[in-house]
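Below is one structure; the comments refer to it alone.
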Amino acid sequence: LFAGPVSFLKSAPTLEFIPDPTVPEVAFAGRSNVGKSSLLNALTNRNGLARTSNTPGRTQELNFFEVGEPMRLRLVDMPGYGFAEAPKDMVKRWRFLINDYLRGRQVLARAFVLIDSRHGIKPVDNDIMDMLDAAAVSYRVVMTKADKIKATDLEAVAARTAETIRKRAAAHPDLILTSSEKGMGIPELRAAVLEAIAT
Ligand code: GTP
Ligand code: MG
Numbered sequence: 032l033f034a035g036p037v038s039f040l041k042s043a044p045t046l047e048f049i050p051d052p053t054v055p056e057v058a059f060a061g062r063s064n065v066g067k068s069s070l071l072n073a074l075t076n077r078n079g080l081a082r083t084s085n086t087p088g089r090t091q092e093l094n095f096f097e098v099g100e101p102m103r104l105r106l107v108d109m110p111g112y113g114f115a116e117a118p119k120d121m122v123k124r125w126r127f128l129i130n131d132y133l134r135g136r137q138v139l140a141r142a143f144v145l146i147d148s149r150h151g152i153k154p155v156d157n158d159i160m161d162m163l164d165a166a167a168v169s170y171r172v173v174m175t176k177a178d179k180i181k182a183t184d185l186e187a188v189a190a191r192t193a194e195t196i197r198k199r200a201a202a203h204p205d206l207i208l209t210s211s212e213k214g215m216g217i218p219e220l221r222a223a224v225l226e227a228i229a230t
């Protein structure tokens, strides 16, 4: 599927603008700068498909990408959360947008929650996992930027993260360890996306 065409469909600042729910969707959530857009590019093997940046908060809308010909899947790059300089009204808008999307989107097959390998789970990550559990959207945790830490540290943070999510209702028990930079874990992520939309 990922060898075929992939294209940007649209950016939706509010739910009015999201596309008709005609195909399964898989969404990518995570703290700002965690590497969501980079991971989407690695997943689809398209550099520059999703805009990446060093400035936190670059992605502020729901961005929809279409995969396959005929189209079989939409990937959703979600706006990042939890950066310090975010104005209060922006955080509020984010919460409403994400909550409405998660609760109302029947075609949403699975979410991937990205966690920075160097930092592990932060309180804001628990907030979004609470929202996912409450909306009964199944999700799987993906550790990003694994190239940035030593293998032994990665093992430790992955073990700690796995332990934390075991108690969660809608979380997949297994993590995926990735580096968009090195291509690590990308085949596993592709398989997990396909598994999520398999009927
Ligand atoms: P927002 O859109 O602001 O929420 O950020 P994002 O989660 O989409 O992060 P983005 O993909 O833009 O990446 C943020 C920064 O991290 C960029 O400078 C990337 O080059 C870098 N980055 C992303 N993934 C990796 C990785 O696997 N390894 C390394 N070393 N750097 C990465
Ligand atoms: Mg982004």
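Residue numbers for the sequence shown follow full-length UniProt numbering, so the first one is 32 and each next one is one higher. Think of the CB as a built atom: it goes at the ideal place given N, C-alpha and C, for glycine as much as any other residue.
Candidates the options, of which the one nearest residue i by Cα
i: Phe48; options: Tyr132, Thr75, Lys119; result: Tyr132
i: Ala223; options: Ala58, Val155, Met102; result: Ala58
i: Gly35; options: Glu56, Val173, Arg191, Leu104; result: Leu104
i: Ile152; options: Leu163, Ala189, Phe39, Glu219; result: Ala189
i: Ile180; options: Pro52, Leu40, Leu208, Pro154; result: Leu208
i: Ala81; options: Leu40, Gly113, Pro101, His203; result: Leu40
i: Pro44; options: Arg191, Ala73, Arg77, Phe127; result: Phe127
Helix, strand or coil at residue i according to DSSP, with G and I counted as helix
i: Lys41; result: strand
i: Phe48; result: helix
i: Ser68; result: helix
i: Val107; result: strand
i: Phe143; result: strand
i: Ile180; result: coil
i: Ala187; result: helix
i: Glu226; result: helix
Burial state of residue i (16 or more Cβ within 10 Å)
i: Pro110; result: buried
i: Asp205; result: exposed
i: Lys67; result: buried
i: Asp156; result: buried
i: residue 235; result: Nothing can be reported for residue 235: it is not among the residues displayed for the chain, which extend from 32 to 230.
i: Leu46; result: exposed
i: Thr230; result: exposed
i: Glu56; result: buried
Heavy atom of ligand 1 within 6 Å of residue i beta-carbon
i: Asn64; result: yes
i: Gly111; result: yes
i: Lys67; result: yes
i: Asn85; result: yes
i: Asp178; result: yes
i: Thr90; result: yes
i: Ser210; result: yes
Residue i Cβ short of 6 Å to ligand 2 heavy atom set
i: Ser42; result: no
i: Thr175; result: no
Expected contact under 8 Å - CB spacing of residue i and residue j to nearest Å
i: Ile146; j: Val65; result: 7 Å
i: Leu70; j: Ser169; result: The Cβ separation is near 18 Å, so there is no contact.
i: Leu163; j: Val98; result: So it is not a contact: roughly 22 Å between Cβ atoms.
i: Ala193; j: Leu185; result: Contact flag wrong, Cβ pair sits at about 12 Å.
i: Asn85; j: Gly79; result: In fact, because the Cβ distance is near 15 Å, the residues do not count as touching under 8 Å.
Residue i Cβ short of 6 Å to ligand 3 heavy atom set
i: Thr75; result: Questions concerning ligand 3 fall outside what the structure shown contains, since the ligands it does hold are ligand 1 and ligand 2.
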